[in-house]
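My numbering puts the first residue of the sequence shown at -5, with every later residue one more than the last.
Only one structure is covered here, and it is reproduced in the block below.
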Amino acid sequence: MASLSLPRIFVSCLVSSFVFILTRRYWRLKGINGPLLAAFTDLWRARIQYFGPFVPTLLKLHEKYGAIVRIGPNTVSFSDPAYIGVVGSARGGFAKADSYGAMRGFVNGKSVGSIIDMQDEEKHRAIKRAVGNAFITKSMLDYQGDVDVVLDALLRNIRTHRLGSPFDLNDLMQLFQLDFLLKIAFGENSGHLDSDRDVSGMAKVLYKRIMHWYAWQPLPNLERFIFQNPLWSRFFVQPSKWARAGAMRVEARREQIKQGLVASEGPRDLLQKYLDASEKHPDIVRPEIISWLVNSTISAGADTTSGTLTTALYLLLKHPRVHAKLLRELCEARDAGRLSFPIRYAMVEHLPYLDAVIKEAMRLNAPLAVPLERVVPLQGCFLGDVYLPGRTVVACAPYVIHQNKECFGEDVAEFRPERYLEKKGADLLAMEKANLAFGLGSRICIGRHIADLEMKIVLPSLLMMFDFKLVNPDFDVPFDLGIFEMELNPITVTVSERVFHGK
């Protein structure tokens, strides 16, 4: 009899343990509403995020439950921009969550990160200070020549390959962005635009990497066990092409420096600026940190700006009134002698409607649709009147924040750049703080000024030189996946040359 009861005892213990774990998971955030299944397992979110539609589901949950919604046993989502200041504060102690680890690459059997997934906030701040001169506003002149070179290649591509034939606007912008990125990062003339194809293979590789993060974000421990386990990753996980490409370029540049082939003065690409920073701050910008910086440059810069340029052009073509108003601002600046070709950043930096159009495009279609996640410090915190215990993961999806009616107005679903010109004072400041297009709080994108330079030169140049038209003007591109939605829904256009742009 005793032996017969052992299986029953084992099963009872197993069931009791399972019930205890589920109860403990539920109890941790029991006062916060959300889908019942999400209180017990992250598989609820994983299913919605993988199969979709995640962003519309999240919006509906916030409409139903309010500003704070439980989307996992230990994860909450917030929709109120007022909480950004708490979660994004540089000194608030909110580190990046483990989910960013799904962005790491794999080279030579080792997991390779970037400053994007770095969780040590003090270390991250030190690195930003050490390399910050490469990205400050006054350094923009260093990149103006690179913009000119790649923009000329873009104009040649359009005139050689695009006039009179339908094409995918996003494909063209990706080729431009890859050429520009490799130019400013490594001084390379990569020839994507001249070849009219992805000669490096980077576009698809980086898209797959972002989608890997999107799919595995809710299950970081499982992702790490499967894809970053050194016991079998060396044999079963393919090396990350983007990380390997960065490592090869760092090694090649170091060899060039040894051979005296790198000038000590003159223009510096981003890689050289990282290496210069390493000489000044060897204890901070160590060799592995240079690789992390290079990985961040490749991964963060390859798709985001091209996606925003595509979004802006698409929305302008869908809204003729806005398109005409922006063209009018550009032409008035040209006629007044304040704007000429080639366009300089100083000519367009402060054009109000151009600035508003770009901000509105990034509001409606932020580069990332995935929630930005932070970990509550050990002492816990309050978001409004809701207490969150330490180690709770707090998430905010840019699209959800950007649809907040109290902040952006009742017409949040509309493409209306005027909202940035009508608001003043505290209301305008609140909108600016709620803009998560470049990231959250203290971890905002270090390269945002370069992106601004690029967009404010390229967009006016294209609009004044060419007349784009949508092949299917009635088709509405959903923005459920952010800019990566355009990989699934090509924006097909035709283009003809304008005759009035002048010189």
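For glycine and all other residues, C-beta sits at the position ideal for the given N, C-alpha and C.
Residue burial classification, residue i (beta-carbon count within 10 angstroms, cutoff 16)
i, result
"I438", "exposed"
"S490", "exposed"
"G254", "exposed"
"I204", "buried"
"V251", "Looking at the sequence shown, residue 251 is not Val but Ile. The residue is exposed, with fewer than 16 neighbouring Cβ atoms inside 10 Å."
"R368", "buried"
"G79", "exposed"
"G99", "buried"
"F14", "In this prediction, F14 has a pLDDT of 49, which is less than 50 and means its spatial position is unreliable; what the coordinates show is noted afterwards. Counting Cβ neighbours within 10 Å, F14 comes out exposed, since fewer than 16 surround it."
"V465", "exposed"
"R328", "buried"
"S290", "buried"
"G496", "Note that G496 has pLDDT 48, beneath the 50 cutoff, so the model's placement of it is unreliable and the number below is only indicative. Exposed, since its Cβ has fewer than 16 Cβ neighbours within 10 Å."
"V493", "exposed"
"H56", "buried"
"M(-5)", "Unreliable placement is indicated for M(-5), whose pLDDT of 46 sits below 50; the coordinate value is still reported in the next sentence. Exposed, by the Cβ-count rule."
"M242", "exposed"
"D405", "exposed"
"A147", "buried"
"T386", "buried"
"H155", "exposed"
"G518", "No answer is possible for residue 518: it lies beyond the span of the chain, which begins at -5 and ends at 497."
"A33", "buried"
"A340", "exposed"
Span of the beta strand (DSSP E) around residue i
i, result
"Y381", "380 to 382"
"T486", "486 to 491"
"V106", "104 to 106"
"R368", "366 to 369"
"D461", "460 to 464"
"A389", "387 to 390"
"I65", "62 to 66"
Residue of the options minimising C-alpha distance to residue i
i, options, result
"Y347", "A89, R191, L324, P160", "L324"
"V244", "R357, L169, K90, L287", "L287"
"L310", "S285, R322, V351", "V351"
"R64", "D92, F45, P29, I42", "P29"
"F402", "W207, L216, P261, A428", "A428"
"R248", "W207, K418, S285", "S285"
"N359", "R22, V49, I42, F462", "V49"
"G219", "V144, R385, S105, W236", "The sequence given here has Phe at residue 219, not Gly. Comparing Cα-Cα distances from F219 to each of V144, R385, S105, W236, the minimum goes to S105."
"S93", "F460, R413, H443, V388", "V388"
"A445", "K353, F473, V493", "K353"
"F460", "G260, V144, G158", "G158"
"C390", "V144, L52, R22", "L52"
"K132", "G419, E343, L366", "E343"
"D468", "K24, D297, Y308, F34", "Y308"
"Y268", "I178, E400, A76", "I178"
"A84", "E116, I110, A76", "E116"
"M425", "G25, A33, K399, T298", "K399"
Bounding residues of the alpha helix (DSSP H) (the contiguous stretch that carries residue i)
i, result
"S71", "First-last for S71: 69 to 72, but that is the beta strand (DSSP E), not the alpha helix (DSSP H)."
"V244", "235 to 252"
"L265", "264 to 274"
"F45", "37 to 45"
"C439", "It is not in any alpha helix (DSSP H) - C439 carries neither H nor E in the DSSP assignment."
"V279", "First-last for V279: undefined, no H or E at that position."
"G345", "First, the amino acid is wrong: residue 345 is Leu here, not Gly. From DSSP, L345 is part of no alpha helix (DSSP H); its letter is neither H nor E."
"F402", "399 to 402"
"F219", "214 to 221"
"F376", "From DSSP, F376 is part of no alpha helix (DSSP H) but of the beta strand (DSSP E) over 375 to 377."
"T299", "298 to 312"
"K24", "Counting along the chain, K24 falls outside any alpha helix (DSSP H), and DSSP gives it neither H nor E."
"M425", "419 to 427"
"S159", "Taken as a continuous stretch (DSSP letters only), S159 belongs to no alpha helix (DSSP H), as it is neither H nor E."
"V49", "48 to 59"
"V144", "135 to 151"
"D188", "186 to 189"
Supposed close pair residue i, residue j - CB separation, criterion 8 Å
i, j, result
"Q43", "A209", "7 Å"
"L172", "S194", "6 Å"
"F161", "V487", "7 Å"
"P371", "F170", "Not a contact, Cβ separation roughly 42 Å."
"E443", "F129", "Correcting the residue identity first, residue 443 is His in this sequence and not Glu. Right, their Cβ atoms sit about 6 Å apart."
"H313", "F409", "5 Å"
Requested in this report: Would you be able to state if there are at least three C-beta pairs under 8 Å between the segment 64 to 78 and the segment 389 to 396?
Outcome: yes
**Report entry** the segment 441 to 457 / the segment 293 to 304 touching (three or more Cβ pairs under 8 Å)
**Finding:** yes
Query raised in the report: Do three or more CB pairs link the segment 112 to 123 to the segment 269 to 284 at distances below 8 Å?
Result: yes
Query raised in the report: Taking one C-beta from the segment 79 to 91 and one from the segment 370 to 378 each time, how about it: are there three or more such pairs within less than 8 Å?
Result: yes
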